[in-house]
Structures are given as C-alpha cells and as structure tokens.
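Undergrad:
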Ligand code: URA
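In my numbering, the protein residues as written are 891 to 1331.
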C-alpha cells in the first residue's frame, strides 16, 4: 500500500477502505508516514469529507492505535461528558461532581486549552497543589474512593490523535466533521465509559459555526458511540458568547465554585444542570423530569460541592480555595474596559474573547508555553444587558501590562452595543439521540 495512492483517491473524492485507513492511522502513530503526506491526506479529507463508514473506520483505527482504559473494575455506571470546545466552558467542574453526587462514576480524562478555547486541566491546575498527571493506579483509587477524578490523558491513549491533532492545528484542518468526530470519539471509546454525553458547541467561539454543521457532527458522533455499544447522546449548546462571565483558569474555577455554592450565573447553572440530568437519564436513573430533580438536589444540597472538594483533596489540591475563592491565584493587574457608548450589549464574540484571554496570559501561543493561572477576562455585562457610557463592561486579569492596549482594542471590536435590547438567544439548541433530533428553537 502507498500513502500516495490514498491521497490521490481522496483528492478525487473516492472512499478509503478499512485497510487503507488503518494503514494511514498506524503509519501516523508510528511516525512511518512523512508529515507532508499526512498533511496532504488530512487536507484532502477536509475538502472531500468521508462517508459514515469511513469515519467509523477512522475512529476505530485511532482508538486501537494505543492502549485503552478498562473501567470494568470500577463500580456503577461509568459516565463521561465531552465538550467540543468553547470559551468560558467550565461545566465539567460542575457536572462531574453533580453526577458523582447522584451516584455515577466519573473517571474523566480531560484536555488542555487549544487555540482560543480553554481546557479543564489548565483550569484545575490553578488550584494550588492539584495534580492532573495521575498514574493509572492513583486515578482508579481516587475514582473508587470519591466517585470522580479528572486527569490528563495517559501517555499511550490514542497516540494517533495526539500526532494528527497537532498537525491539524497547524494545517488549518481542525474544523472538519469526520476529523473532529473521529478525534473525539476515539478518545471517548478508549477511555472506557458506558455512557457518553457530548456537548456540541455552535457559534462564533465553536469549531461548528452553524446549527446544521453542529447537528451533522452530533449525529455522526452519536452513531459511532452507539455502534460501539455505548449509550451516547449529544446536546447542541450556544457558543456565540462565552458561557458565564469568567474566561481564564482560576477565575473559571471561582465561577464554578459559585455555582456549586448555589450562586453563579444563570446560563452556567442551567446548562450544567441540563448536562448532569442528561447523564443521569442515559445511565437509567429515571425519566428526564426525575433526573433533573436528582441533579438539582445534588447541587442544592451541597453534595456536589462536597464531592468536588473531596476530588480536589484526593488529587493533592487545597480545597480551602474552593470554599474561599479569594485564596485562588490573583492577577497582578486588573484593568477595567469601559463601554464606549450607552445602549444594550448585542454581541460579545466568544472567539475574540478567547483570543484576548490568551493574550493576557491565560492560554498558550504555542505548545508547551506556560500559562498564567490568574489571567483572563471577567465580563461585567453580557448579551442583552443595558450599559452606560464609561461603565465597566469587562475586567482584564493579567501580569502583562504591555498586552493591555492590543487586548482592549480587540475586545472592544468583539463587542457590539445597540440602541434597543436584542431578542433573547437560546442556550440549548437541540438534543440528538440515535433515533432522531429534538430541536428547541
Ligand atoms: N476536540 C477534540 O478532541 N478533537 C477535535 O478534533 C476537536 C475538538
């Protein structure tokens, strides 16, 4: 088999066989295929797409490119939740403790920030002492004792995705439905959960910019999960504007802690409860109404907060910062961005806010860069809010004084202020199950 022929087939719009896909994936994982040929095939896939059968074969070949995690030794239903990436999306820090408090086993592998999007591991590591690099034994022990753990991917889990993702990131081939679906689902299958809930983001801050694209991605991933024998569902949620007010790392932990304490922004609380109750539903804890009640009780009773604190302690972290978030890392410089005019916020472009947060130090310019746990953006006004000229619409948190002028210019370009209040926007667009789509808009 020659990789050149695979590139030619795909370039002309043909379909690759299971064997050809395995040849490509294994060749990438073992560094046997030159990167220029890997990139050429990725770009051909980006332009030509893949059939459902090709996408499934790609996912399974990637899953098998490394080790898999058998969770069968752990008690109960093993549940996993995955977001396709967003700005201000700290729902894992709320959903995993709620689900664990309601009786699910959450053995969760998470990632770091990518591009303008944040990563759960970076957020968790802003908690002093907390480790996300856990040995397999530690990970299992913590899940057994606390009901949840959130760790980085072990070295050899889906090595093909690690290589291909890094290449996609620099060849402008991330936003392809078969490539995203296989990347996400290969990791979810290898991580071993019985129940998988996918949070597919749509909007300016997401990889999928339209509801149609998001539905197609959701349907593709649900079909792969179900075909592999896992209960899989997707919800499509808004990512046109950041979720909640906080974007960064420590600041997002503080906001998640507020929700776990029964406070915090309405959109974040609502979305976290929906995701938690869908996980319980998939795990067979009753009808949707019952599951929403169970999730709400786990949150309002403080049981989810206790679970989160137990996990933080078990992973080496200081949980006093969750109870008193002023003890989290604090930014050296706080800088208010003022409204240039009176009116109503009609747009806060999520992607741009994510980029600004990275410029302030919360994300990485390139792989391996250190991040500033205290950096980020704290929105003061969101979509639909009335503002007066000169009033703060956001506070920048940073140690980089020299980044402030450009960050402020970009932020102001990302915000629109209109004369009249905008129409309300949906938070949840649709629910995608193996049997169909339920749209809420
Ligand atoms: N998240 C992933 O894990 N992979 C993608 O391709 C996109 C988002």
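For every residue, glycine included, the Cβ atom is placed at its ideal position computed from N, Cα and C.
(1) Taking DSSP as the reference, what is the three-state secondary structure of residue 1259?
(2) Residue 1042 bridges to which residues according to DSSP?
(3) Any chance the CB of residue 974 is under 6 Å from a heavy atom of ligand 1?
(4) Among 1160, 1089 and 898, which residue has its Cα nearest to the Cα of residue 938?
(5) Helix, strand or coil for residue 1178 per DSSP?
(6) Taking 6 Å as the cut-off, does the CB of residue 1073 come closer than this to any heavy atom belonging to ligand 1?
(7) If we ignore side chains and look at the alpha-carbon of each, how far apart do residue 1286 and residue 1091 end up?
(8) Run the proximity test for residue 1327: is its beta-carbon closer than 6 Å to any non-hydrogen atom belonging to ligand 1?
(9) Going by DSSP, name the residue or residues bridged to residue 1171.
(10) For ligand 1, is there a heavy atom less than 6 Å away from the beta-carbon of residue 1070?
(11) Kindly indicate which residue of 1267, 1135 and 1231 has the alpha-carbon position closest to the one of residue 1306.
(12) Looking at C-beta atoms only, is the number of pairs between the stretch 1237-1255 and the stretch 1048-1064 that lie closer than 8 Å three or more?
(13) For residue 975, does the count of other Cβ atoms within 10 angstroms reach 16, so buried, or fall short, so exposed?
(14) Count the other CB atoms, across all protein chains shown, that sit within 10 Å of the CB of residue 1159; report buried if there are 16 or more and exposed otherwise.
(15) First and last residue of the alpha helix (DSSP H) that includes residue 915?
(16) By the 10 Å Cβ neighbour count, where 16 or more other Cβ atoms means buried, how is residue 1154 classified, buried or exposed?
(17) Quick check on residue 1065: does DSSP put it in helix, strand or coil?
(18) Can you check the stretch 1275-1326 for any alpha helix (DSSP H) of at least 4 residues that lies completely inside it and give the ranges in chain order?
(19) Given 8 Å as the limit, is there contact between the stretch 1022-1029 and the stretch 1064-1084, that is, 3 or more CB pairs closer than that?
(20) Answer yes if the stretch 1131-1146 comes into contact with the stretch 1103-1115, meaning at least three C-beta pairs across the two stretches below 8 Å, and no otherwise.
(21) Output the boundary residues of the alpha helix (DSSP H) element that contains residue 929.
(22) Can you have a look at residue 891 and say buried or exposed, based on whether 16 or more other CB atoms are within 10 angstroms of its CB?
(23) Is there contact between the stretch 1222-1229 and the stretch 1183-1200, where contact requires at least three CB pairs shorter than 8 Å?
(24) Once the 5 residues before and after residue 1328 are set aside, which same chain residues still bring their CB inside 7 Å of it?
(25) Drop a sphere of 10 angstroms on the beta-carbon of residue 1325, count the other beta-carbons inside from all chains shown, and report buried for 16 or more, exposed for fewer.
(26) Once the 5 residues before and after residue 1209 are set aside, which same chain residues still bring their CB inside 7 Å of it?
(27) For residue 973, which three-state DSSP category applies?
(28) Would you tell me roughly how many angstroms separate the C-alpha atoms of residue 1318 and residue 1129, rounded to the nearest one?
(29) Measuring CA to CA, which of 950, 930, 943 and 926 is closest to residue 912?
(30) Looking at the structure shown, is residue 1115 part of a helix, part of a strand, or coil, going by DSSP?
(31) Indicate whether residue 1265 and residue 1250 have their beta-carbon atoms separated by less than 7 Å.
(32) So residue 955 and residue 919 are in contact, right, with Cβ under 8 Å, and what is the actual spacing, rounded?
(33) Across the stretch 963-974 and the stretch 928-937, are there enough close Cβ pairs to call them in contact, namely three or more that are closer than 8 Å?
(34) By how many angstroms is the C-alpha of residue 948 removed from the C-alpha of residue 970?
(35) If we count the other Cβ atoms within 10 Å of its Cβ and call it buried at 16 or more, is residue 1262 buried or exposed?
TA: Once the coordinates are examined:
(1) Three-state result, residue 1259: coil.
(2) DSSP lists 1000 as partners of residue 1042.
(3) Taking non-hydrogen atoms of ligand 1 into account, the C-beta of residue 974 is found less than 6 Å away from one of them.
(4) Considering only alpha carbons, the answer is 898.
(5) In this structure, residue 1178 counts as helix in the three-state DSSP scheme.
(6) Result yes, Cβ under 6 Å from ligand 1.
(7) Spanning the two alpha carbons is a distance of roughly 25 Å.
(8) In this structure, residue 1327 has its CB at a distance of at least 6 Å from all heavy atoms of ligand 1.
(9) DSSP lists no partner for residue 1171.
(10) Within the cutoff, so yes.
(11) For residue 1306, the closest alpha carbon among the candidates 1267, 1135 and 1231 is that of 1231.
(12) No: fewer than three Cβ pairs fall under 8 Å.
(13) By the neighbour-count rule (16 or more Cβ atoms within 10 Å), residue 975 is buried.
(14) So residue 1159 counts as buried.
(15) Run containing residue 915: 908-919, per the alpha helix (DSSP H) assignment.
(16) Buried, by the Cβ-count rule.
(17) Of the three classes helix, strand and coil, the one that applies to residue 1065 here is coil, per DSSP.
(18) Listed in chain order, they are 1294-1304.
(19) In this structure the stretch 1022-1029 does not lie against the stretch 1064-1084, because fewer than three pairs of beta carbons, one per stretch, are closer than 8 Å.
(20) The stretch 1103-1115 and the stretch 1131-1146 do not touch, with fewer than 3 CB-CB distances between them shorter than 8 Å.
(21) Boundaries of the alpha helix (DSSP H) harbouring residue 929: 925-938, taken from the DSSP string.
(22) With fewer than 16 other Cβ atoms inside 10 Å of its own Cβ, residue 891 counts as exposed.
(23) Counting Cβ pairs under 8 Å, fewer than three are found: no touch.
(24) If the five residues before and after residue 1328 are omitted, its C-beta is found closer than 7 Å to the C-beta atoms of 1320 and 1321, all from its own chain and listed in chain order.
(25) Residue 1325 is exposed by the Cβ-count criterion.
(26) Only 1199, 1202 and 1203 meet the Cβ criterion.
(27) Per DSSP, reduced to three states, the secondary structure at residue 973 is strand.
(28) Approximately 10 Å between the Cα atoms of the pair.
(29) Here the closest residue by C-alpha is 950.
(30) Of the three classes helix, strand and coil, the one that applies to residue 1115 here is helix, per DSSP.
(31) The answer is yes: Cβ separation under 7 Å.
(32) The distance from the Cβ of residue 955 to that of residue 919 is about 4 Å, consistent with a contact at the 8 Å cut-off.
(33) With fewer than three CB-CB distances shorter than 8 Å, the stretch 963-974 does not count as touching the stretch 928-937.
(34) Looking at the two C-alpha atoms, the distance is approximately 21 Å.
(35) The residue in question, residue 1262, is buried, as its Cβ has 16 or more Cβ neighbours within 10 Å.
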